[in-house]
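First up is the structure itself, then whatever we jot down about it.
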Amino acid sequence: MEFLKIQRRHIAKHAKTRSLFKQRLPCGLLTLVHVSLLTAWALWWGFSPCFSLESLSKLHSSPPSTLNCTMDSANRRHDSPNKTFYDDAKLNYSIGSPLQNWDDKRRFWLKHHPFYAAEDRVLMLTGSQPFPCHNPIGDFFQLRFFKNKVDYCRIHGYDIFYNNAILHPKMDSYWAKTPIIRAAILAHPEAEWIWWVDSDAVITDMDFRLPLDKYKDYNLVVDGWPGMIYVKGMVDIVISV
Numbered sequence: 003m004e005f006l007k008i009q010r011r012h013i014a015k016h017a018k019t020r021s022l023f024k025q026r027l028p029c030g031l032l033t034l035v036h037v038s039l040l041t042a043w044a045l046w047w048g049f050s051p052c053f054s055l056e057s058l059s060k061l062h063s064s065p066p067s068t069l070n071c072t073m074d075s076a077n078r079r080h081d082s083p084n085k086t087f088y089d090d091a092k093l094n095y096s097i098g099s100p101l102q103n104w105d106d107k108r109r110f111w112l113k114h115h116p117f118y119a120a121e122d123r124v125l126m127l128t129g130s131q132p133f134p135c136h137n138p139i140g141d142f143f144q145l146r147f148f149k150n151k152v153d154y155c156r157i158h159g160y161d162i163f164y165n166n167a168i169l170h171p172k173m174d175s176y177w178a179k180t181p182i183i184r185a186a187i188l189a190h191p192e193a194e195w196i197w198w199v200d201s202d203a204v205i206t207d208m209d210f211r212l213p214l215d216k217y218k219d220y221n222l223v224v225d226g227w228p229g230m231i232y233v234k235g236m237v238d239i240v241i242s243v
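Using my numbering, read the sequence shown as starting at 3 and increasing by one per residue.
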């Protein structure tokens, strides 16, 4: 109660001070002060060299030199005028057409887009079937698992892409991963690594980072059983898990 009384006395004192100030300064004088300040600011803006009409005209008439990728490598919207593998009329994202000399083509593309070559970029791929789950709880868990991957990629600066379309009519089920990875390689040449993570997988250690230094001499890393791959040839089981 004592605190409330102190607060009320403070508010009343402040209101009384404001009323005395308004009584001593007529409204006409306040208006005159405001107009004077605005006039002074307008005159300063007009005669200032930083905001002169000449400088503004030069700004609009100057050529867009920053759009040159070699001069401003941080400009993501600019595409280099040099022809890359994207200009090849025979380029096909389908898995049926082999891609020749990909390392050289990707290196040439990165040369003319240096902003994307600044670090080892990782693109996480995940996805599910195009139709809903039979049980609604399945779609709920799919959403929660995807949010888990998004949070992980946000923490470590990875890109992520979720796919729920079958890109090849004869490759469904667990084989649907292969055409997705192939299309992602062509669509994202800035990615040094493509990391496939199943939609029903959950990342429990959010501090885990891929040991990219360990894989620097490899182009493909499969976490599975060597005996099943090289001895028994059970590639389908390894891919599915």
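Just so it is clear, CB atoms sit at the ideal spot from N, CA and C, and this is done for glycine as well. Every value quoted in this text rests on a predicted model; they were computed, and no experiment measured them.
- Here the alpha carbon of Ile162 sits roughly 9 Å from the alpha carbon of Arg156.
- Linking Pro132 to Tyr164 through their CA atoms gives a straight-line distance of about 11 Å.
- Within the model, the alpha-carbon separation for Gly159 versus Pro228 is close to 31 Å.
- In this structure, the CA atom of Asp105 is about 36 Å from the CA atom of Arg146.
- In this structure Gly129 is buried. Its beta-carbon is surrounded by 16 or more other beta-carbon atoms within 10 angstroms.
- Around Lys107, the same chain offers Phe87 as residues with beta carbons nearer than 6 Å, after the five sequence neighbours per side are excluded.
- Take the alpha-carbon of Met230 and the one of Met236: they are about 5 Å apart.
- Rounded to the nearest angstrom, the Cβ distance from Leu222 to Val124 is 15 Å, too far for a contact under 8 Å.
- In the DSSP annotation of this structure, the continuous segment of the alpha helix (DSSP H) that includes Trp104 starts and ends at Trp104 to Lys113.
- With fewer than 16 neighbouring CB atoms inside 10 Å of its own CB, Lys218 falls in the exposed class.
- Each residue's CA atom was taken as its position, placing Ile97 and Leu214 some 26 Å apart.
- According to the DSSP assignment, Leu127 belongs to the beta strand (DSSP E) that extends over Arg123 to Gly129.
- By the CB criterion at 9 Å, Ile205 and Asn150 fall inside the cutoff.
- Taking all protein chains shown into account, Arg109 has fewer than 16 neighbouring C-beta atoms within 10 Å of its C-beta and is therefore exposed.
- Considering only Leu40, Tyr118 and Asp200, the residue with the shortest C-alpha distance to Asp225 is Asp200.
- Here Leu112 is near Glu192, since their CB atoms are less than 9 Å apart.
- The three-state secondary structure of Ala193, taken from DSSP, is strand.
- Taking 9 Å as the cut-off, the beta carbon of Lys179 is found no closer than this to the beta carbon of Leu101.
- The residues Glu194 and Leu214, in chain order, have a CB closer than 6 Å to that of Asp122 in the same chain once the five nearest residues on each side in sequence are set aside.
- In the DSSP assignment, Ile162 falls within the beta strand (DSSP E) that extends over Asp161 to Asn165.
- Residue range Pro138 to His158 is occupied by the alpha helix (DSSP H) that includes Cys155.
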